[in-house]
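Taking my numbering, the leading residue of the sequence shown gets 820, the next gets one more, and so forth. Report on the following structure.
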Amino acid sequence: PDARTVAAMQAALDDERLAQATYAQVMRRFGAVRPFVNIVRAEARHEAMLLDLFRKYRLEVPANGYAKAPPKAPDTLGGAFRAAVRAEEENIALYDGFLKFVKEPDIRTVFQRLQAASRENHLPAFRRGAGRP
């Protein structure tokens with residue numbers, strides 16, 4: 820892959836790790852709340868899919884900065900849901916941008932699958948909880 824595609828892969832990995840770390844922090848603060856408990860596992864699978872691409876193309880895997888410095892959870896569960904809605908919307912837009920230039924079919928397929936999970940599963944689940952206080 821060209822440098823722009825590698826940068827997209829790095830950004831996608833960072834975004835999936837951020838979501839995973841954020842949702843884990845939400846569960847530390849508020850307990851094993853659904854759908855966070857399910858979606859954090861999905862984010863781990865998404866990270867694994869991207870790591871497979873890094874291995875395939877023999878690319879250096881960036882360190883996970885969120886392991887040592889996790890993001891803070893919002894103050895309320897409703898705030899956590901609303902933040903998750905924004906994060907999933909941003910994730911979808913991120914992949915929209917990447918899919919305009921990524922040419923490798925396997926990378927495109929992974930990006931499309933991750934985007935579809937956000938659009939079709941994560942976003943609707945978080946929207947259902949976004950009205951909470």
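Idealized CB from N, CA, C, for every residue including glycine.
- If you draw a straight line from the Cα of Arg-874 to the Cα of Gly-884, it is about 19 Å long.
- Val-859 is positioned such that its CB atom lies closer than 8 Å to that of Met-846.
- Per DSSP, Asn-883 lies in no alpha helix (DSSP H) segment and is marked neither H nor E.
- In this structure, Ala-906 lies away from Ala-899, with their beta-carbon atoms at least 8 Å apart.
- Distance from Glu-866 to Leu-832 at the Cβ level is roughly 7 Å; contact confirmed, criterion being Cβ atoms closer than 8 Å.
- In this structure, the alpha-carbon of Ile-911 lies about 13 Å from that of Lys-919.
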